[in-house]
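In the working numbering, the protein residues as written are 10 to 190. Step one of this worksheet: look at the structure below.
Written out as structure tokens, the structure reads:
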């Protein structure tokens, strides 16, 4: 079995091309892009000990600024897209905050996009949360979407609580009858 290929030396052009290639395949926040590229730099510096890690990080910071100026990295657009996508998949407010926070987005930006989307789609945030909980219940076949809604009520409540929904939202969704949908 062959070993891993030796990583290339970090140069400004290599970092730029690698960053462009990554952004062509994946959308990313500035923070997440930085983490991915730092892993690439660490592998290269480990293989090429004469390379200065701090100089490579400086090149990366300049690249991130350049990508932000040209619009290739835009945290606001990324947050808006991800919040909309996660809401449509039935994710709770708490879970969205955790997921996007792990991607390196600031909490205030995520909150702002949640408020914007929730007011755009529904009357208030509570209604948006209930809609997301209904999507989650449909995917998991809980509540009104279950064959026997009362059979696994505790299991459904536990699963929805782990997904970040509040007790009131869970009770509301599980109390809906199939005829009311």
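Just so you know, even glycine gets a beta-carbon here, dropped at the ideal spot from N, CA and C.
- Boundaries for residue 18: no alpha helix (DSSP H) harbours it, and the DSSP string shows neither H nor E there.
- Taking the CA atoms as reference points, residue 164 sits about 10 Å from residue 170.
- Contact annotation, residue 123 with residue 108: C-beta distance approximately 12 Å; criterion of less than 8 Å not satisfied.
- Taking a C-beta distance under 8 Å as the contact criterion, residue 100 and residue 139 do not qualify as a contact pair.
- Runs of the alpha helix (DSSP H) lying entirely within the stretch 96–154 and spanning at least 4 residues, in chain order: 102–111, 116–130, 134–149.
- The beta carbons of residue 98 and residue 45 sit about 23 Å from each other, so the pair does not count as a contact at 8 Å.
- CA-to-CA, the gap between residue 85 and residue 157 works out to about 43 Å.
- Distance from the CA atom of residue 79 to the CA atom of residue 105, rounded to whole angstroms, is 27 Å.
- With a minimum length of 4 residues, the unbroken runs of alpha helix (DSSP H) contained wholly in the stretch 57–86 fall at 62–79.
- Residue 131 and residue 162 have their alpha carbons spaced roughly 27 Å apart.
- For residue 160, no alpha helix (DSSP H) segment is defined, and its DSSP state is neither H nor E.
- In the DSSP assignment, residue 177 falls within the alpha helix (DSSP H) that extends over 176–184.
- By the neighbour-count criterion, in which 16 or more other beta carbons inside 10 Å mark a residue as buried, residue 90 falls on the exposed side.
- With a cutoff of 8 Å on beta-carbon distance, residue 69 and residue 24 are scored as near each other.
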